Amino acid sequence: MLKQHLRICLTIEDLIADPENVDTLSHGETMDVLARIVALQPILIGRLASLGSDKKEIKSDTLLNVEEASERLGMSTDWLYRHAKELPFTKRIGPRQLRFSEAGIEKYIKNRSS
């Protein structure tokens, strides 16, 4: 009963952390939050544009087929198929179609050798 009478002011951070809190907003509060977010969007986009791209984040990655991946890893294709679910560099591109991230394999080999 007491909960119904108390009105907690939610911040945008609260809504991001728990989107289900949106259900507690009134119509006016919902409009206010939406207007603030919409006004912030072009500012954030402009900020990203002014910063340019982060070269570290943008790395091209090649997807290898099972034969190429087995050659890189020194494992049989059968071993790769059997362990595909456990390997962090496995990519499922369709039903019964596997590919393996070249960058992921390199990272895997590097971590295993250290």
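For the sequence shown, the working numbering assigns the number 71 to the initial residue and increments by one for each residue that follows.
Glycine included, each C-beta is placed from N, C-alpha and C at the ideal position.
Since the structure is predicted, the reported quantities are computational estimates derived from the model, not experimental observations.
Could you work out which residue in Ser96, Gly122, Leu157 and Tyr151 is closest to lysine 177 when comparing CA atoms only? Leu157
Check whether isoleucine 82 and valine 103 have beta carbons under 8 Å apart: yes
What residue range is occupied by the uninterrupted alpha helix (DSSP H) comprising threonine 160? Here threonine 160 belongs to no alpha helix (DSSP H); instead the beta strand (DSSP E) covers 160-164.
Buried or exposed (CB count within 10 angstroms, at least 16 for buried), serine 120: exposed
Who does glutamine 167 pair with in a DSSP beta bridge? Gly164
Spell out a yes or no on whether the region 86-106 and the region 129-147 are touching, meaning 3 or more CB-CB pairs, one atom from each, closer than 8 Å. no
Mind listing, in chain order, the continuous beta strand (DSSP E) runs of no fewer than 3 residues lying wholly within the region 74-158? none
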